[in-house]
Every structure is written in structure tokens, then in C-alpha cells.
Amino acid sequence: MELLNRFPGDVKTAMGLDDHDPLFLLLKEIDNVRPLTAVPEWMFGVLNRLHQPDIKRRILKLWEDRVDEFFRVPFVKDHDKFLQKDFVDFLQVALRLTRFLGEHNFRRLAVGVEKIQDLTSRGTPYWKFAAQEIALDYDGINFVVYGHTHKPGVTPLDRIFEPGSIRVKADKIYINSGTWRRVHQRCEVSRRDFEFVGAHIMTTVTFYRGTERMGRRYETWTGLLD
């Protein structure tokens, strides 16, 4: 997202930070916070570690300006729906909480942010897109593999039987390989302090033919690297 990619560099320039400044290095991780609606919470977690009120105010002002610019981008405006609770609407609410609530009230209303996260997570699941892939209609095409969505997983789509038989002809499977990058997620125990912990997540997907792997068709392995 343009907003998240630009913000660390904007702070670096405005504050006169170098490439190795701890604040700049921390802000660079903003693009790896998931879900996106947790970004304001992550921001307050960063601000909580700063003890200079003037620096906090400057960073918040930069954030407010960049959020306003982001929602003026034609592509973003075109994807907003008037009076409909779509993703852009909820993203606007979440990102602008820094302006409308402020740090004190934001802490009290964090539950509201979590409700927004829950609502946005109810969007169209990726398996529905996978199920619409035309290739699945052909014999021998039994897998759809997506990636770059941060959350690896395996979802059974359909089971096809031989005509007039209980013999299974094929299983249609959707696999998401996730993304090899550092992903930050909010801590459960210290939620009120807006603390996040990150780890690199990698998933490998392997497919087999014939008697390879003793007749097994596929396997996936997911691992984390601190």
C-alpha cells in the first residue's frame, strides 16, 4: 500500500533520521502489520515507546496528512462505495482513528477497532475465487495455488465421483502458499499496550506424480523464523 510504503521515509526525512535510527527501522515494519486495520494500534504501540511529546505530535501529524492524501488517490476513491460498508469504508475508519480519537480515547475504544477487523475479515474468502478458476473444469486439473496473501492454508473445494458410482474420481483443492516476509501480529496478553511481535513465515508446497511419495499427491510445510 502506498500509504504504508511512504510513511517511514516521510518520518525519516522530517525528523532528520539516518538509515540505522531505531525509530526509522521500527516504522519500516509498518507494511508487515496484519491485518491492515491493526495498523493504527501498531502505531500507538510505537508511540507509547517514545517519551518526547513533540516527536509524538509530529509523527501523528505526518500520519494524518498521509492518510488524507491516500484517500484522495483516484484508485482508492473509485473503490469506495457510497453508504456501503465495504473494505475501503472500514479502512478509512481504522486509519483515521488516530485523528478522531487521539491516544487517550483510542486506548479506551480499542474494542471498536477489533470489531472493525472482524467485519473486514468477512469479505470474500480467497477459496471462492479459486473455485471459479476455469482450469478446474478439466480432468487432471485438481489444484489451485495462490500466494502473496500472508496466510497459508489448504481448503478442500469439491469431490468428484465417477458417474453412477461411489468411487472418487478427483478431489479439487485450493492451496495458499502465503508469503515469505516478516509479519507482525498483535500480542494477546498485552493487547491494551498495543504490542506486536513479528516473525518470518514460509510455506513450501510440493506436488507428486504416480508412485512418488508412496502415491501421495501433495504436501505443504509451514515454518516460522524469528
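Numbering (the numbering used here), first residue to last: 991 to 1216.
From the three backbone atoms N, C-alpha and C, an ideal C-beta is built for every residue, glycine too.
Can you tell me which of Y1164, V1179 and P1012 puts its alpha carbon nearest to the alpha carbon of F1197? Y1164
N- and C-terminal bounds of the alpha helix (DSSP H) containing E1054: P1043 to F1060
Length-filtered (3 minimum) beta strand (DSSP E) runs lying within the segment 1137-1188: 1143-1151, 1158-1166 and 1171-1176
Exposure of I943, with buried meaning 16 or more beta-carbon neighbours within 10 Å: Nothing about residue 943 can be reported from this structure: the residues present for the chain run from 991 to 1216 only.
Given V1187, which residues of its chain have a CB within under 8 Å of its CB, disregarding the five upstream and five downstream residues? H1174, Q1175 and C1177
Can you tell which of F1184, G1205, A1125 and G1213 has its C-alpha closest to the C-alpha of V1195? G1213
Report back the beta-carbon spacing between D1148 and K1162 to the nearest angstrom; my notes put them in contact at under 8 Å. 4 Å
Suppose contacts are defined by Cβ-Cβ distances below 8 Å. Is V1057 in contact with L993 by that definition? yes
With H, G and I counted as helix, E and B as strand and the rest as coil, what does DSSP make of L978? Past the boundaries of the shown model lies residue 978; the chain is included only from 991 to 1216, so the question cannot be answered.
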